[in-house]
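Numbering (my numbering), first residue to last: 310 to 542. Even glycine gets a Cβ: it sits at the ideal position worked out from N, Cα and C. Here the structure is a predicted model, which is why all the values come from computation and not from measurement.
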Ligand SMILES: [Zn+2]
């Protein structure tokens, strides 16, 4: 009787620890991305669904402030896949953007992809853990649209330049850079997304764009904006 009691005293905590460890494995992953984030990345093709304000559950994601990525996440294959899919998504003919932020594909992490019009070849580049450290220069009105705000455009006051910093995923060191003009506008727009802010919150005025509405209607008729089951809540 005593022996059995000793066995139970040892076996129950061991069993509980085992259940907790298995539970952690199911909710997380070796890359540090959550199971849901990995499903969003892996259960879709190279081009990801883009969240829109007209959908209530998408809108919740778009209004949620984003979390930083850990060093483990930045070094993972999952992050490289994430970067490639962000680049492919913003360049898809039915999206045709100049920038995209992670919450626009349903992932609340501080990552953006920006087309660098100030660099040769105008490449799309990905910036993890990005922050705008300071803004400078005159305020001018820029005409903006957003992949997550269908059919609209707006006039938005933006500063002429920005000092940005982000983590280099190769060296894991912080990099600081100064950007100006249209590139600075894109960085300001995309970084706002990471804080749950949309350009319509800052716009002096917003107007209906017949051209973008017609384009969206055309691609919609071809089935390009169907929400995947992984994002249906
Ligand atoms: Zn946007």
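- Message: Taking its Cβ as the centre, do 16 or more other Cβ atoms sit within 10 Å of residue 493, making it buried, or is it exposed?
- Response: To locate residue 493, count along the chain shown from 1; it is residue 184. With 16 or more other Cβ atoms within 10 Å, it is buried.
- Distance between residue 399 and residue 349 (C-alpha atoms, nearest Å): The residue you call residue 349 lines up with position 40 of the chain shown. The residue you call residue 399 lines up with position 90 of the chain shown. Approximately 16 Å, taken between the alpha carbons.
- Message: Given 7 Å as the limit, tell me if residue 456 has its C-beta closer than that to any heavy atom belonging to ligand 1.
- Response: On the chain shown, residue 456 is found 147 positions in, with the first residue counted as 1. Yes.
- Task: Determine contact between the stretch 473-492 and the stretch 349-368, defined as no fewer than three beta-carbon pairs at a distance below 8 Å.
- Result: no
- May I ask you to report which of helix, strand or coil DSSP gives residue 442? The sequence position of residue 442 within the chain shown is 133, counting from 1. The answer is strand: DSSP assigns residue 442 an E or B state.
- Counting along the chain, where does the beta strand (DSSP E) carrying residue 409 start and finish? To locate residue 409, count along the chain shown from 1; it is residue 100. Segment 408-410, the beta strand (DSSP E) holding residue 409.
- Ends of the beta strand (DSSP E) at residue 420? For this step, residue 420 is matched to residue 111 along the chain shown. Residue 420 -> beta strand (DSSP E) spans 420-424.
- Message: Give me the DSSP bridge partner(s) of residue 465.
- Response: What you label residue 465 is simply residue 156 of the chain shown in a count that begins at 1. DSSP lists 451 as partners of residue 465.
- Query: Does the distance from the C-beta atom of residue 382 to that of residue 340 stay below 8 Å?
  - Reply: By one-based count along the chain shown, residue 382 stands at place 73. By one-based count along the chain shown, residue 340 stands at place 31. Contact flag set, yes.
- Three CB pairs or more closer than 8 Å across the stretch 507-527 and the stretch 459-470: yes
- Query: Quick one: what's got a C-beta closer than 6 Å to residue 281's C-beta in the same chain, skipping five residues either side?
  - Reply: Summary: the structure shown does not reach residue 281, with the chain confined to residues 310 through 542, and so no result is reported for it.
- Item | Closer than 7 Å: residue 508 CB and nearest ligand 1 heavy atom | Taking the first residue of the chain shown as 1, we reach residue 508 at position 199. Checking the Cβ of residue 508 against ligand 1 gives yes.
- Message: Buried or exposed, going by whether 16 or more other CB atoms sit within 10 Å of the CB of residue 540?
- Response: Within the chain shown, residue 540 is the residue found at index 231, counting from 1. Under this definition residue 540 is a buried residue.
- Message: For chain D, check one thing: does any of its Cβ atoms lie closer than 8 Å to the Cβ of residue 510?
- Response: Among the protein chains of the structure shown there is no chain D, as only one such chain exists.
- Task: Mind reading off the beta-carbon distance from residue 408 to residue 421? Whole number of angstroms is fine, and I expect it under 8 Å.
- Result: As a working note, residue 408 is residue 99 in the chain shown. As a working note, residue 421 is residue 112 in the chain shown. The Cβ separation is near 6 Å, so the contact holds.
- Outcome for residue 486 when other beta-carbon atoms lying within 10 angstroms are tallied against a minimum of 16: What you label residue 486 is simply residue 177 of the chain shown in a count that begins at 1. The residue in question, residue 486, is exposed, as its Cβ has fewer than 16 Cβ neighbours within 10 Å.
- Taking the beta strand (DSSP E) that residue 483 falls in, what are its first and last residues? On the chain shown, position 174 is the one that residue 483 refers to. Run containing residue 483: 483-489, per the beta strand (DSSP E) assignment.
- Scan the stretch 488-522 and note each continuous alpha helix (DSSP H) run of 4 residues or more that stays entirely inside, going in chain order. You should have 490-503, 508-511.
- Report yes or no: do the stretch 409-419 and the stretch 494-505 share at least 3 C-beta pairs separated by less than 8 Å? yes
- Task: Report all residues from its chain with a CB closer than 6 Å to the CB of residue 469; omit the five preceding and five following residues, and keep chain order.
- Result: To locate residue 469, count along the chain shown from 1; it is residue 160. Excluding sequence neighbours, residue 469 sits near 446, 447.
- Does the beta-carbon distance from residue 427 to residue 488 come in below 8 Å? The residue labelled residue 427 in the question sits at position 118 within the chain shown. The residue labelled residue 488 in the question sits at position 179 within the chain shown. Contact: yes.
- Can you pull the DSSP bridge partners for residue 476? Working through the chain shown from its first residue, we reach residue 476 at position 167. Answer is 483, bridged to residue 476.
- residue 346: buried (16+ other C-beta within 10 angstroms of its C-beta) or exposed? Numbered from its first residue, the chain shown carries residue 346 at position 37. By the Cβ neighbour-count rule, residue 346 is buried, with 16 or more other Cβ atoms within 10 Å of its own.
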